[in-house]
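Contents: one structure, followed by commentary.
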Amino acid sequence: MNLDDNQRRVASKSIPISKKLLKLVGKTNAEFKLIGEGDKVLVGLSGGKDSLALVHIMKHIQRHAPFNFEFEACTIKYGMPDEHYAFLEAHCKEYGIKHTVYDTNIFEISHDTIRDNSSFCSYFSRMRRGALYSFAEEGDFTKVALGHHFDDTVESFFMNMFYKGSMRALAPIYKTSRGFHLIRPLIQARETQLRAFAEENNLQVIGDEACPAMLKDVKMPHARASTKEWLAGLEKENKDIFKMFRASFKHIHDDTFLDPERWNRDDIKEI
687 MNLDDNQRRV ASKSIPISKK LLKLVGKTNA EFKLIGEGDK VLVGLSGGKD SLALVHIMKH
747 IQRHAPFNFE FEACTIKYGM PDEHYAFLEA HCKEYGIKHT VYDTNIFEIS HDTIRDNSSF
807 CSYFSRMRRG ALYSFAEEGD FTKVALGHHF DDTVESFFMN MFYKGSMRAL APIYKTSRGF
867 HLIRPLIQAR ETQLRAFAEE NNLQVIGDEA CPAMLKDVKM PHARASTKEW LAGLEKENKD
927 IFKMFRASFK HIHDDTFLDP ERWNRDDIKE I
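Note that the numbering used here has the sequence shown beginning at 687, numbered continuously upward.
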């Protein structure tokens, strides 16, 4: 493909990313084989600091990796009043990132489709994910990439334990029921690293105020906020606590728990 001078300038334009963050994402990709030769990856771009960091890291990987892959970004439009993503479109255009704003009527149908006693936050999250999956299917993408980081997976682990009675975190990669894989390239990065990326580059970001649930006259769920606050308190007392979480997530002894289905009585392991 022949590029004119302006196209070359846009294609080569990049934004500073810390070497430590890039090294961590590269290590994650090597460990879990998230992206490889010939992949076509769709990145969910909400406009928050995490997803903005992800699209720029994906561009860096694409330029420097020893394999070829395609990627583009997609922003799900809920169909809310005064919902605009012009700055995101302009940002992606400036840096040569292919980007689509995908129109939906999620906000309109929420009045009739949300279940009683269901959280609006979780409802809109599920619907947004479904819309992103639909776009991925339409475009024959092999993988969908989301911007979840290590703080997210630690919070999810304890929320599942405290509120659902299960031990479950966020997987770095898994195959969806629709046939493509969901990947989380930032899953070992700390939220502070992504916040620093946005602040150091003076990026305009979309915050929680853009969540459709904010327009609903409902009591917002506080499970994640309280879990995040609790973890922040632990880290204040022990600055290495997240290092311990990281080590724990890599050293899982599932034969020491009380799940009968995990026990093969003919092959009891020595502990």
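Even for Gly, the Cβ is constructed at its ideal location relative to N, Cα and C.
Keep in mind it's a predicted model, so treat the numbers as computed, not measured.
{"Item": "Smallest Cα separation from residue 789: which of 805, 800, 777, 766?", "Value": "766"}
{"Item": "Count the C-beta pairs between the segment 817-830 and the segment 870-889 that are closer than 8 Å, then say yes if the count reaches three, no if not.", "Value": "no"}
{"Item": "Taking the alpha carbon of residue 873 as the reference point, which residue from 709, 699, 946, 702 has its own alpha carbon closest?", "Value": "709"}
{"Item": "Please identify the residue among 746, 814, 719 whose C-alpha is closest to the C-alpha of residue 793.", "Value": "814"}
{"Item": "With which residues is residue 758 paired in a DSSP beta bridge?", "Value": "728"}
{"Item": "What residue range is occupied by the uninterrupted beta strand (DSSP E) comprising residue 716?", "Value": "From DSSP, residue 716 is part of no beta strand (DSSP E) but of the alpha helix (DSSP H) over 705-718."}
{"Item": "Round the Cβ separation of residue 735 and residue 911 to the nearest angstrom and send it over; I've been treating them as touching at under 8 Å.", "Value": "That pair is no contact at about 17 Å."}
{"Item": "Quick check for students: name the residue ranges of the beta strand (DSSP E) that lie wholly in the segment 808-866, counting only runs of 3 or more.", "Value": "829-831, 859-861"}
{"Item": "Return helix, strand or coil for residue 905, following the three-state DSSP convention.", "Value": "For residue 905, the pLDDT reaches just 47, beneath the cut-off of 50, and the residue's location in the model is therefore unreliable, although a value from the coordinates is still provided. Residue 905: coil per DSSP, three-state reduction."}
{"Item": "Does the distance from the CB of residue 897 to the CB of residue 810 come in under 9 Å?", "Value": "yes"}
{"Item": "For the beta strand (DSSP E) that contains residue 785, what are its first and last residues?", "Value": "785-789"}
{"Item": "Residue 720 and residue 859 - do their beta-carbons sit closer together than 9 Å?", "Value": "yes"}
{"Item": "Could you check what DSSP says for residue 925 in three-state terms: helix, strand or coil?", "Value": "coil"}
{"Item": "Decide if residue 630 is buried, meaning its Cβ has at least 16 other Cβ atoms within 10 Å, or exposed.", "Value": "Not covered by the structure: residue 630. The range shown for the chain is 687 to 957."}
{"Item": "Assuming residue 778 is part of the alpha helix (DSSP H), what are its boundary residues?", "Value": "772-780"}
{"Item": "Would you decide whether residue 905 is buried or exposed? Buried here means 16 or more other CB atoms lie within 10 Å of its CB.", "Value": "Confidence is the limiting factor: at residue 905 the pLDDT is only 47, short of 50, which leaves the residue's position unreliable, though a coordinate-based value still follows. Exposed, since its Cβ has fewer than 16 Cβ neighbours within 10 Å."}
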